[in-house]
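Just so you know, we're using my numbering here: the sequence shown kicks off at -17 and counts up by one. Using N, Cα and C, we set each Cβ at its ideal position, and we do this for glycine too. Just so you know, these numbers come straight off a predicted model, no measurement behind them. Comments concern the structure below.
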Amino acid sequence: MHTVEEIIARLSSQGLRVTDQRKTLAKLFVQEQGYLSPKDVYEYMGKIYSGLSFDTVYRNLRVMEELGVLEQIMFEDGVKFKLHCREEQHHHHLICLQCGKTYPIKHCPMDQTAVPQQFKVVKHKFEVFGYCASCVREEEADALS
């Protein structure tokens, strides 16, 4: 799901009203490549819609995450959201801490044999945080100057 139209169709198919605010939110995430905090989204939306509450923004982020439109990741400085990637199969991510770019990990590192028999896993997350090659080169170049 990478177009505003696809996001709007998903919201509509689930019986949700397609408001101007939700359209703007969809456009923001289609345009933004990295992760956004709820505060980032609130500040952006507040410039367009005066009087918009943080609760409304956060509720819409949660709804879009529950519908699979957005992905939620917990960073050290709090939760952030980004447009759900196009990978259809179960996968995890490498996430650059500087630019926010993500790379899929095709192999699931979770060892199912380590899970006790009396526990049924229904979902899990696994993210690896570091620096992409571009950001490492940029940092090395800065160190040399």
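Query: Hey, out of A96, H66, V97, whose CA is closest to K83's CA?; Result: H66
Query: Going straight from the alpha carbon of H(-16) to that of V12, what length do you get?; Result: 6 Å
Query: Note the first and the last residue of the continuous alpha helix (DSSP H) segment covering Y85.; Result: Not the alpha helix (DSSP H): Y85 falls in the beta strand (DSSP E), residues 84 to 87.
Query: When you compare only the Cα positions, how much space is there between L18 and L43?; Result: 10 Å
Query: From what residue to what residue does the beta strand (DSSP E) around V61 run?; Result: 60 to 65
Query: Please report the distance separating the alpha-carbon of I87 from that of F101.; Result: 25 Å
Query: In the DSSP assignment, what are the bridge partners of M56?; Result: V61
Query: Let's see if you can read the secondary structure: which residues bound the alpha helix (DSSP H) around F111?; Result: That residue, F111, is in no alpha helix (DSSP H); its beta strand (DSSP E) goes 109 to 112.
Query: Of the choices K9, F111, P98, whose alpha-carbon is the least far from that of L52?; Result: K9
Query: Looking at the strands, I want to know which residues DSSP matches up with H72.; Result: Answer by DSSP bridge pairing: none, since H72 is not bridged.
Query: Let me check one thing: in DSSP terms, what residues is C78 bridge-paired to?; Result: G112
Query: Would M27 and L(-2) qualify as a contact pair, given that the criterion is a beta-carbon distance under 8 Å?; Result: no
Query: Give the straight-line distance between the Cα atoms of H89 and H73, rounded to the nearest whole angstrom.; Result: 7 Å
Query: Quick check on P91 - is its C-beta less than 8 Å from some C-beta in chain D?; Result: No chain D appears in the structure shown, which is made up of a single protein chain.
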